[in-house]
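These notes are about the structure you will find just below.
Number of protein chains: 4
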Amino acid sequence: MDFALQPLTQPGQRFAALAERHAADFATRAAEHDRDGSFPFENIAALQQSGAMAACVAEELGGLGVRSVHDYMLGMSRLGRGDGSTAIAANMHIFRPWRMTRLWEAAKAAGDVAYAAGLERRLRRIGAGQLLMCACVSEAGTDILHPQLEATTADGGWLLNGRKIFATMSPAAQLLDISFHFMDAQGVERLAMASIPHDSPGLEIKNNWDALGMRGSGSHDVAFTNCFLPDAALLDLGVWGEWSEPYLTGNLIIAMGLAGVFLGIAEAARDLTVEAVKTRRKGPSGRTLAERYPIQHLIAEIEIDLAASRAILGRTAMAADTLFSQHPAEGIPLCELHELMKDLQCAKWFVNRKAIDIVDRALTASGGAGYLSSHPLSRLYRDVRAGPFMQPFSPNEAFEYIGKVTLGLDPKLEA
Amino acid sequence: MDFALQPLTQPGQRFAALAERHAADFATRAAEHDRDGSFPFENIAALQQSGAMAACVAEELGGLGVRSVHDYMLGMSRLGRGDGSTAIAANMHIFRPWRMTRLWEAAKAAGDVAYAAGLERRLRRIGAGQLLMCACVSEAGTDILHPQLEATTADGGWLLNGRKIFATMSPAAQLLDISFHFMDAQGVERLAMASIPHDSPGLEIKNNWDALGMRGSGSHDVAFTNCFLPDAALLDLGVWGEWSEPYLTGNLIIAMGLAGVFLGIAEAARDLTVEAVKTRRKGPSGRTLAERYPIQHLIAEIEIDLAASRAILGRTAMAADTLFSQHPAEGIPLCELHELMKDLQCAKWFVNRKAIDIVDRALTASGGAGYLSSHPLSRLYRDVRAGPFMQPFSPNEAFEYIGKVTLGLDPKLEA
Amino acid sequence: MDFALQPLTQPGQRFAALAERHAADFATRAAEHDRDGSFPFENIAALQQSGAMAACVAEELGGLGVRSVHDYMLGMSRLGRGDGSTAIAANMHIFRPWRMTRLWEAAKAAGDVAYAAGLERRLRRIGAGQLLMCACVSEAGTDILHPQLEATTADGGWLLNGRKIFATMSPAAQLLDISFHFMDAQGVERLAMASIPHDSPGLEIKNNWDALGMRGSGSHDVAFTNCFLPDAALLDLGVWGEWSEPYLTGNLIIAMGLAGVFLGIAEAARDLTVEAVKTRRKGPSGRTLAERYPIQHLIAEIEIDLAASRAILGRTAMAADTLFSQHPAEGIPLCELHELMKDLQCAKWFVNRKAIDIVDRALTASGGAGYLSSHPLSRLYRDVRAGPFMQPFSPNEAFEYIGKVTLGLDPKLEA
Amino acid sequence: MDFALQPLTQPGQRFAALAERHAADFATRAAEHDRDGSFPFENIAALQQSGAMAACVAEELGGLGVRSVHDYMLGMSRLGRGDGSTAIAANMHIFRPWRMTRLWEAAKAAGDVAYAAGLERRLRRIGAGQLLMCACVSEAGTDILHPQLEATTADGGWLLNGRKIFATMSPAAQLLDISFHFMDAQGVERLAMASIPHDSPGLEIKNNWDALGMRGSGSHDVAFTNCFLPDAALLDLGVWGEWSEPYLTGNLIIAMGLAGVFLGIAEAARDLTVEAVKTRRKGPSGRTLAERYPIQHLIAEIEIDLAASRAILGRTAMAADTLFSQHPAEGIPLCELHELMKDLQCAKWFVNRKAIDIVDRALTASGGAGYLSSHPLSRLYRDVRAGPFMQPFSPNEAFEYIGKVTLGLDPKLEA
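Right, dumping it as structure tokens:
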């Protein structure tokens, strides 16, 4: 009868339990990393050691075997309850094996032995806690369909030049998944991705993340200066500026986990507020805050928003599970993926906005206490505001995208 | 991949399909009943004939066999898409067999043959389309735990005096379920209910419903003047002003269906708006409204609110299914029922408010067209505003109730 | 110390006092006209008799002499407290002499005797209660800069063909101010206005107004079929689709009065609610609603919104007074008029939206009582929703306009 | 035609001009003080040197002579545009001479030479830049009518024991105005205030302010341990827990200035956003953000909220000017002061909430740029959230207070 989201699968239960344990631990150090803007290497190490970082790796390859998008999102929400920075950093890695596993299973089913073997090797390394990855897709002054990072031809491959921002998790990742564009033989600009080792010559992590919140997330800039990329590493995703199935799918999964993290932040704010008002007393009557009607009203508003947030995100994640289970291999019609992405953008916008509202109301309920740096709400207030900026659509873009998909128009945004 | 709620059971599918067919039919007469304030007797008859009125009667007793609260609510939402007045009227009857079937099953399991037989007889009559019921619990100037309708002792029974309001469905019901209070032998005021025939002497349906919206719902006053009630008909529900399991359960189910109806109204407003803006053109460019960003923005806001409304209501109904399946017979701890009622009040408030917002945005998107009496939105705007007034808690009460249950306080409202 | 808006000038005080007296009277018949959709001819006659219809005519010409835009708006808000339909109808006439008086004074100052004399004659007729006017600028499927009503050349003048909608006050007006377009000798489409007698051949008032609210406002369609317009009557306002000083000014004034009316509706809803909750009692304790915190909370929300609405509208009207007093004759830079119109659109959107919110909260505070047709709130709920549709910008357009003016862009909307 | 608030008096113009100059200067150091949590002593010194700190001291006593509450509030809003921390700190001092001047003028008029002379001496010191004051009224766990700081009798005076919080400006003030309670000879608990030198034995400023925002405001705790207060310094304000004219007036003035500061923060956020979107370009089209509809929509929302905020606060401040000018000396009926305080609480809640919304939308418009520590919005986001906590009523209390005053009930909050 608990209205909190619950895992739907056994692997999901294990991931959620692990995540809750980690969250309790990370919460004890969150204030420190927040103050110092330090990357929580020890948290990442703990997540690797426990197997949480391999949540979406198949059990036979050493992981927890989470295949449900719902349960992956749920685990991320549990992690988010403890330390948002660690959770969004970890998400940059955790979502990757979900996608790789799907490709691996499809390759096996299709008899594509070589491709399957390559994926399996990498998944085993993740399962064994030997490999960390992250995704770098954001750039200043452009949207994610139009990366400015450019690959130009070089002997045996390509040279990358440009700059990524918000490369969350970059301090710990061994492989960075980057998006960029290149011109093909026909003179067409194309969108591509590649996994590139963090220590590649010409790749520099700028260690310059200093922000309002999510201060421990290591969301540094990454600069590329004639950074060499071998031919085989370039994954062509189609025409620059156009959505493709892999790119849309990858963005869907990563966004699902991120939305989960912000739900977790809202849950943390709600829980600590409910506990606090039960015992804090005020005024000459000595009544607890909980006994006062204005506080009951605030708590009810929080409860409504949280219930709706859990419901919309849980339901969207289950819709993802349905779609992906109907299509075990690639080949999902793009319009169906856009339909799901539209639902997810509704859920993302709603959860991010309501999480901000919940933390705001929690602050109100705290009197002035939550405004002090020593109070966890003063961190949540800053962390939670990062939510709307998360890829692939900021609010400015999300309304246009949702509207266009709903109305059956071309979902591309105005250039 | 449709984000609309879908039935979870086979009987639910049948009910939903019937409800959709009826809704399409009722929509053709909704404007007329709305204008005239006439009760849609022919709609009620059609619902009886098709078996929809017996949705929650077991198949073996002649019904559709819907046991899932989710699917009952879903069917009501489908009905709500066509004509809100008919839907809330029908709900007053449809919810009853759900409750009676639960008691009937428990009685059979417990070997209480006589009680089971009585319930079965009545359910068979409903299954055969021979009996219509409605619930009358509202009164002016008091809340539902403190009915002022009074039963005083009389020879072989009781005399009822007082007045009910908002007796939706009263024009067609043969039996009215009424709440009242009486003083027991110990001088304690007690809360009771009874099913009373509509043609009992001293019971007068005032045929005075004339309201802003839901004009076809027949929500008349019912006056009781020395109306006789035999002893056996009085169902004692405990101390006046206190919640009991049967009263809380009954209110839960009825409220679930009502919330569904208002979701249906929101869905209708959304659908007709999306269709309209795709074809309506405006201005010298001749572009459709859909091609204009301000309209895309409005549609996105509608889409977000609708997705969240569907999610929270669907999830709450599934939580009800879980609770009731864990407890096949009475004996659910009151605190668990309050927890569920709290979730439902969150969902009810949210769905009612967002339905109002959705209709409001639909009006905005319509330009001025929706303001004309000939446009269905001008009816939806009035019908949808009834939602927050629905029992058991108006918004003024709901916040207090939700806050108190969440904070672990006594859920009774300030007297 | 009253936070309600107060007149700033002596004529304004007289107008406000008259308007309050009329409002009290009109309120007694508002329900009847609302039910029947009948035009309140007797109200219009009373306004003529008292001199209120000549509020903006100079005293020497028989009027009240209101020159302050603030006080004209204030008087309209007072009128709106009694009957919204009558108030918006009256506004269609009352705003006209404000504009004509300004032109008359400028003509006198400039020594343009003939023009001044013509205006004076008409103003005297209005001052004597012998002339009623109204404005018809709305059409379906286009915005107010692009009227489709077309004038084509004819012998000695023009033939008008097309259709206006929302011609509020048309049942009583002797002269209708209409907007249309025509092609000039150079083949350029131009925007024009003309005052045309209501009984012109080819002009047909369709008597078809039947809407959700404002049912007594007589906002009929007006059809033009080869309706003759003499050459001298055509007032060329410049290129079709472009703003000009007279058109922008006229729209400003009319919109100011209309916003006032909706403020008045909100004030009426607030006042009747505050009075009602002070005396209505509920529940076993017999406490008044006012003594309950949830009601205090609702009342506070109403009070905040009303205070902000009064303040923004009052301040905007004072800004208009400042601008027009700085420029006693035409020649206000268009950018300054747009700046003022932007402020007015902020105020209009805000006041209309908050008036809707206030009526909504008043309904909530009423329990279910306000939902009954016999309760004035059930009319206010419908009347108040007309506000956002009022010219010159619906919400869909207002955001774009406000944004563009603020950002220093061309204020024309996307075609 | 500028919709920004403008001074109504000559002294107000001088104060506003000074404040704008200071704000431009302070803005250059705001980020540094924010980062370090350092008190801006140099800003306070500059304000003293320029005469801004003596804004409300009569010109003949060396001040700027601001008597208008509106213009005092306006000056504070201008100061708030540059650095919120400095502005709220300065406000703790600047409001004081307004009140003292009023008492001084009344004393002179009443012929109370001795009292007038005492006030004049202190005002001259402030006018000469030799004296800084601050107010300490907040305590943890109680409201401002029930201070727990206690004075117990001692030889020739009183001993103070207890602790104040949020003693903004305490690092620079030479005199601290404190509230406390004491028991009188009849055993009645009474509310009192006193001005106490910052270097009094037993008074310790804890230098412990470390908060989410307003980090340069020096809002430290102040602890009192057997701190001696001479008899003559105790100003009896009546029964503990009851409002009195001086206490209500003092709280009114201080709150007016504080609300002004938060308006200034909103204005700063709006201005920098409007400028930024005009030049920032995004996406392959190279269009500026300003040219994109979603941004125009955001800007319009900001513009509406800002217009309403300016209007409600300006109007409330003018209402204060009216009331105080009607009553040049003490003796304002308490109910009139409560009426004004109610209007101010409406304005305060509105301005604080809308300032938060404006900064939030400014962040949205910034893309992710505003989330970086190097961007001024990342400071405004934290500073602006302090607004609702400002005395005398937090939101939880304000709704109850506004509701009760509006409904004609005793304005005291539930104990």
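Chains A, B, C and D, in that order, are what the protein sequence lines are.
Taking my numbering, the leading residue of the first sequence gets 902, the next gets one more, and so forth.
Taking my numbering, the leading residue of the second sequence gets 902, the next gets one more, and so forth.
Taking my numbering, the leading residue of the third sequence gets 902, the next gets one more, and so forth.
Taking my numbering, the leading residue of the fourth sequence gets 902, the next gets one more, and so forth.
Beta carbons: idealized from backbone N, C-alpha and C, even for Gly.
Return the chain-ordered ranges of every beta strand (DSSP E) run that is complete within the segment 1171-1203 of chain C and spans a minimum of 3 residues.
-> none
Tell me the DSSP bridge mates of A:HIS1082?
-> A:GLU1051, A:LEU1092
Give the secondary structure of D:MET902 by DSSP, where H, G and I count as helix, E and B as strand, and everything else as coil.
-> With a pLDDT of only 41 at D:MET902, under 50, the local geometry of the prediction cannot be trusted, and the value read off the model is given with reservation. D:MET902: coil per DSSP, three-state reduction.
Three or more C-beta pairs closer than 8 angstroms, one from the segment 1064-1077 of chain D and one from the segment 1033-1049 of chain D: is that the case here?
-> yes
Rounded separation between C:MET1084 and C:ALA1316 - CA only = Separation of C:MET1084 and C:ALA1316 (C-alpha to C-alpha, rounded to the nearest whole angstrom) is 20 angstroms.
With 7 angstroms as the threshold, decide whether the Cβ of D:TYR1272 is near any Cβ in chain B.
-> no
Label D:ASP1311 either buried or exposed according to how many other C-beta atoms from any shown protein chain fall within 10 Å of its C-beta, with 16 as the threshold for buried.
-> exposed
Give the single residue among B:LYS1305, B:GLY1269, B:SER1267, B:PHE1290 whose Cα lies nearest to the Cα of B:TYR1236.
-> Going by the sequence as given, residue 1236 of chain B is Cys instead of Tyr. Closest by alpha carbon: B:LYS1305.
Considering D:TRP999, what are the terminal residues of the alpha helix (DSSP H) in which it resides?
-> 985-1011
Do you know offhand how far A:ASN992's Cα is from A:LEU1033's?
-> 11 angstroms
Who does C:LYS1065 pair with in a DSSP beta bridge?
-> C:VAL1123
Please list the partners that C:ILE1196 has in chain B, where partner means a Cβ-to-Cβ separation under 7 angstroms.
-> ASN1297
Of the residues that make up the segment 984-1001 of chain B, which ones have a beta carbon closer than 7 angstroms to any beta carbon in chain C?
-> none
Taking all protein chains shown into account, decide if C:PHE1186 is buried (16 or more other Cβ within 10 angstroms of its Cβ) or exposed.
-> Correcting the residue identity first, residue 1186 of chain C is Ser in this sequence and not Phe. Flag for C:SER1186 reads exposed.
Does C:PHE942 have its Cβ less than 7 angstroms from a Cβ in chain B?
-> no
Same chain, Cβ closer than 6 angstroms to A:GLU961, neighbours up to 5 away in sequence not counted | Counting only Cβ-Cβ distances below 6 angstroms, and skipping sequence neighbours, we find nothing.
Cα-Cα, which of A:ILE1259, A:LEU1308, A:GLU1298 is closest to A:THR1043?
-> A:GLU1298
Beta-ladder partner(s) of D:ASP926, from DSSP = DSSP lists no partner for D:ASP926.
Taking Cβ positions only, does C:CYS1037 come closer than 7 angstroms to chain D?
-> Proximity of C:CYS1037 to chain D, defined by a Cβ-Cβ separation below 7 angstroms, is not satisfied.
For B:GLY1058, which residues from the same chain have a beta carbon less than 7 angstroms from its beta carbon, with the 5 sequence-adjacent residues on both sides left out?
-> PHE1129, LEU1130, PRO1131, ASP1132.
Span separating the alpha-carbon of D:ARG997 from that of B:LEU1214 | 55 angstroms
Residues near B:GLY981 in its chain [Cβ-Cβ closer than 6 angstroms; skip 5 each side] | Only ALA988, VAL1162, GLY1165, ILE1166 meet the Cβ criterion.
Name, please, each residue of chain D whose Cβ falls closer than 8 angstroms to the Cβ of A:ALA1112.
-> TYR1272, LEU1273, SER1274, SER1279
Locate the alpha helix (DSSP H) running through A:ALA1263, then write down its first and last residues.
-> 1235-1266
Roughly how many whole angstroms lie between the Cα atoms of A:PRO908 and A:TYR973?
-> 9 angstroms
Classify A:PHE1290 as buried or exposed, calling it buried when 16 or more other Cβ atoms lie within 10 Å of its own Cβ.
-> buried
Below 8 angstroms, can you find three or more Cβ-Cβ pairs linking the segment 955-969 of chain A to the segment 1084-1101 of chain A?
-> no
Please name the residues in the segment 948-976 of chain D whose beta-carbon is closer than 8 angstroms to at least one beta-carbon of chain A, in chain order.
-> none
Which chain A residues are close to D:ALA1287, counting only those with a beta carbon under 7 angstroms from its beta carbon?
-> TYR1272
With a cut-off of 7 angstroms, does the C-beta of D:ARG1254 fall near any C-beta of chain C?
-> no
Euclidean distance between Cα positions of D:MET902 and C:ASP1222 = Interpretation of D:MET902 is limited by its pLDDT of 41, a score under 50 that renders its predicted location unreliable; no figure is taken from the coordinates.
Could you have a look at A:PHE942 and say whether DSSP puts it in helix, strand or coil?
-> helix
Using the Cα positions of C:GLY1288 and B:ASN1152, report the straight-line distance between them to the nearest angstrom.
-> Near 38 angstroms, if we compare the C-alpha coordinates of B:ASN1152 and C:GLY1288.
With a cut-off of 7 angstroms, does the C-beta of A:MET902 fall near any C-beta of chain B?
-> Per-residue confidence for A:MET902 stands at a pLDDT of 41, beneath the threshold of 50, marking its modelled position as unreliable; the derived number appears in the next sentence. Answer yes: the Cβ-Cβ gap between A:MET902 and chain B drops below 7 angstroms somewhere.
Interface residues of chain C facing B:THR1265 [CB-CB closer than 9 angstroms] | PRO1289, PHE1290, SER1295, PRO1296, ASN1297
Quick one: give me the first and last residue of the beta strand (DSSP E) that D:ASP1363 is part of.
-> What the structure shows of chain D is the stretch from 902 to 1316, and residue 1363 of chain D is not part of that stretch, so it cannot be assessed.
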